[in-house]
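The structure under discussion appears below in the form of structure tokens.
Chains as they are written, first to last, in this note's numbering: chain E, 1 to 198; chain B, 1001 to 1472.
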């Protein structure tokens, strides 16, 4: 079995740029945790009070250890109907919890969390604060860590233009810097180019 | 298929012949106009209430007459007397919800049924003729006897794939195919009905319960709504984000097309979410249920919350220009292998409260006869007890509710209360005597499908003689 897994084409050969079906959708919880670990978070009380994130309209729509049934959050055989994936006959399990409600709920949730944290869990952005006056450096830092430098030039420009408009300098207050850093992080986390891991 | 079509044409020809030459042309045309039924100007909605996990049929629609109750009580390990024990309900607790069919009805072994005590509200709807019970319905490829079930020649005697498996039977009930299938029969109805919904054809197939293949069609997309309505993205809402550059940056990032298929499909969902949010929420703003009806939905009942938003969308039909809609709602937790006597009654109470509230809302909205609601579930369960619950089965009993329903009656064939008879495949797992296709066909015909269209939606329906069970 190990031999079969390790020698499978998908394991040995990185998908080329021409493979338009490559990648997998990151799960909401994985995105949330990746954000928390990337920017650094600490608990003000030591409790890490992150409880139920299941609400799909106001939260992540996925919460660890709270899958709706013994069949977890999505099924391995799920094929998203009415999509090019269905036409190609490809499974995309994580798409089972993506819909008009969860896409909006996630964007709203992350907007709130990236700046304010969750209960006692507060983001630090320590490394980013040091380079906050240098927008291209901030973008490069985030792009490397969140998307393995796979974000398109057009999207990077969109984010960079907006962050530049914050006019943050090295003498800006920490709050001003955090506004800009949280916005940049959030925008990248909302982009499908980040959401689909390649 | 060709054969069936030819038969249909012959039937039509005979009907016309029987009408004779004196029949006005208008009536002849009406007989042929079924294909255009969806162009009607009225409103109709079909609501699927899916009970995830496999509902325990025997403690939902319960044998009540003394003889059959005794069999039920014994098989469910109830011990002596007629008291609640094992996984059997007490007979005295069923008295208030015993069902009397209108115009009389003699069932197998002179069975009389009662609803579970928690379903008192549904009993009231039964008495009003608004609720029917479809007995022993489940997935079948063709009518199947116990000998055909036991036969090993699956070419001659095909069975639905992966019986007794949750995920597959959920999928088969919803779409005729095991897990991974992408087109449900609710979605196929939506394909036919989309054009009736003018500019809001995206609101043809709606799920208030997450993604479900039932409401996915070839062309009809499943639109997902939350109990609170459509969710607005705050970062692009001018009322909440007044910095235009910020709104534009976010909007451009989350909606842009991509050569990567997954990125593109993700952005498509977001674009749809944005496009429909304003339309849906402004239409919903004009719909308010009266205080007493609103109170019936209660708080903390997830099924009631879903049905309430469905009622409100139906209430907004004029503003939205919708004429034909298929809805999907669900309640989970029915896989009661353990603690059946503790957990199942709570679930039934939720079903009762939610359906009663939803029916009241349709009455208030003036669409009682335009909305038909039905239950479905992965499968029924065993009649026999596993000591603390029941295990995966096949056929089950389902409810059909609405003003158009010929209620207060049982449909289909009542199974013997037995773990030995030929209408079960062991431990009281019911061998369905009515197929999901026949059940679905009946609903589809009411919804406005022509018999030929039904054939396209339910590929196996041609194997069954009964395409209209008559409950609606």
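Ideal Cβ positions, reconstructed from N, Cα and C, are used throughout, including at glycine.
Using a Cβ cut-off of 7 Å, pull out every chain E residue sitting near residue i, in sequence order please.
i: residue 1272 of chain B; result: 100
i: residue 1392 of chain B; result: Within 7 Å Cβ-Cβ: nothing; residue 1392 of chain B doesn't reach chain E, min ~13 Å.
Look at residue i and residue j and say whether their C-beta atoms are less than 8 Å apart.
i: residue 1204 of chain B; j: residue 1194 of chain B; result: yes
i: residue 1323 of chain B; j: residue 1043 of chain B; result: yes
i: residue 1381 of chain B; j: residue 1168 of chain B; result: no
i: residue 1413 of chain B; j: residue 1438 of chain B; result: no
i: residue 1224 of chain B; j: residue 99 of chain E; result: yes
i: residue 159 of chain E; j: residue 131 of chain E; result: no
i: residue 1374 of chain B; j: residue 1208 of chain B; result: no
i: residue 1378 of chain B; j: residue 1170 of chain B; result: yes
i: residue 1087 of chain B; j: residue 1450 of chain B; result: no
i: residue 1233 of chain B; j: residue 107 of chain E; result: yes
i: residue 1231 of chain B; j: residue 104 of chain E; result: yes
i: residue 201 of chain E; j: residue 146 of chain E; result: With chain E covering 1 to 198 only, the question about residue 201 of chain E has no answer from this structure.
i: residue 1093 of chain B; j: residue 1084 of chain B; result: yes
i: residue 1353 of chain B; j: residue 1386 of chain B; result: no
i: residue 1291 of chain B; j: residue 1316 of chain B; result: no
i: residue 982 of chain B; j: residue 1428 of chain B; result: Only positions 1001 to 1472 of chain B appear in this structure, which leaves residue 982 of chain B out of reach.
Please state whether DSSP places residue i in a helix, a strand or coil.
i: residue 1022 of chain B; result: Caution is warranted here: a pLDDT of 34 is assigned to residue 1022 of chain B, below 50, making its placement in the model unreliable, and no coordinate value can be reported.
i: residue 1044 of chain B; result: strand
i: residue 1468 of chain B; result: coil
i: residue 1256 of chain B; result: coil
i: residue 196 of chain E; result: strand
i: residue 1328 of chain B; result: strand
i: residue 128 of chain E; result: helix
i: residue 1401 of chain B; result: strand
i: residue 1314 of chain B; result: helix
i: residue 1211 of chain B; result: coil
i: residue 1392 of chain B; result: strand
i: residue 1091 of chain B; result: coil
i: residue 1308 of chain B; result: helix
i: residue 1424 of chain B; result: strand
i: residue 70 of chain E; result: coil
i: residue 1176 of chain B; result: coil
i: residue 1206 of chain B; result: strand
i: residue 1292 of chain B; result: helix
i: residue 1238 of chain B; result: coil
i: residue 123 of chain E; result: strand
i: residue 48 of chain E; result: coil
Along chain E, in chain order, which residues have C-beta atoms closer than 8 Å to that of residue i?
i: residue 1228 of chain B; result: 57
What does a CB cutoff of less than 8 Å around residue i pick up in its chain, not counting 5 residues either side in sequence?
i: residue 1293 of chain B; result: 1357, 1360, 1361 and 1364
i: residue 1425 of chain B; result: 1146, 1149, 1394 and 1431
i: residue 1340 of chain B; result: 1056, 1059, 1087, 1388, 1389 and 1390
i: residue 10 of chain E; result: none
i: residue 1117 of chain B; result: 1089, 1093, 1094, 1096, 1097 and 1345
i: residue 1267 of chain B; result: 1254, 1255, 1256, 1257 and 1258
i: residue 196 of chain E; result: 23, 24, 25 and 26
i: residue 1277 of chain B; result: 1230, 1231, 1232 and 1233
Got a sec: is the Cβ-Cβ distance from residue i to anything in chain A below 8 Å?
i: residue 196 of chain E; result: No chain A appears in this structure, whose protein chains are E and B.
Interface residues of chain B around residue i at Cβ under 8 Å?
i: residue 20 of chain E; result: 1259, 1260 and 1261
i: residue 191 of chain E; result: 1253 and 1254
Whose C-beta lies closer than 6 Å to the C-beta of residue i among residues of the same chain, with five residues either side of it excluded?
i: residue 191 of chain E; result: 155
i: residue 143 of chain E; result: 149 and 151
i: residue 54 of chain E; result: 63 and 66
i: residue 1297 of chain B; result: 1304, 1308 and 1357
i: residue 179 of chain E; result: none
i: residue 5 of chain E; result: none
i: residue 1190 of chain B; result: 1204, 1205, 1217, 1220 and 1326
i: residue 1164 of chain B; result: 1392
i: residue 85 of chain E; result: 92
Closer than 7 Å by C-beta to residue i: which residues in its own chain qualify, once you throw out the five before and the five after it? Chain order, please.
i: residue 1132 of chain B; result: 1400, 1405, 1406, 1407, 1409, 1411 and 1471
i: residue 1098 of chain B; result: 1064, 1112 and 1114
Counting only Cβ pairs nearer than 9 Å, list the residues of chain E close to residue i.
i: residue 1153 of chain B; result: Within chain E, no residue comes near residue 1153 of chain B; the closest Cβ sits about 28 Å away, beyond 9 Å.
Name the chain B residues that come within less than 7 Å of residue i, Cβ to Cβ?
i: residue 82 of chain E; result: 1216 and 1221
i: residue 139 of chain E; result: What residue 139 of chain E touches in chain B: nothing, since even the nearest Cβ is about 13 Å away.
Would you mind telling me which residues of chain B sit closer than 9 Å to residue i, beta carbon to beta carbon, in chain order?
i: residue 127 of chain E; result: Under the 9 Å cutoff, chain B gives no residues; its nearest Cβ is about 23 Å from residue 127 of chain E.
query = Between the segment 1286-1306 of chain B and chain E, which residues of the former have a C-beta closer than 8 Å to a C-beta of the latter?
reply = none
message = Please list, in chain order, the residues of the segment 49-76 of chain E that have any C-beta partner in chain B closer than 7 Å.
response = 56, 57, 68, 69, 71 and 75
inquiry  = Tell me which residues of the segment 1339-1361 of chain B have at least one Cβ-Cβ distance to chain E shorter than 7 Å, keeping chain order.
reply    = Cβ contacts with chain E come from no residue of the segment 1339-1361 of chain B.
message = Tell me which residues of the segment 156-173 of chain E have at least one Cβ-Cβ distance to chain B shorter than 8 Å, keeping chain order.
response = Against chain B - using a Cβ distance shorter than 8 Å - the residues of the segment 156-173 of chain E are 158, 159, 161, 162 and 165.
message = Give me the subset of the segment 1231-1251 of chain B whose CB atoms are less than 8 Å from a CB atom of chain E, sorted by chain position.
response = Result list: 1231, 1232, 1233, 1234, 1235, 1245, 1246, 1249 and 1250.
Contact set between the segment 29-48 of chain E and chain B, restricted to residues whose Cβ is under 9 Å from the partner = none
ask   = Can you list, in chain order, the residues of the segment 1106-1122 of chain B whose Cβ is nearer than 8 Å to any Cβ on chain E?
value = none
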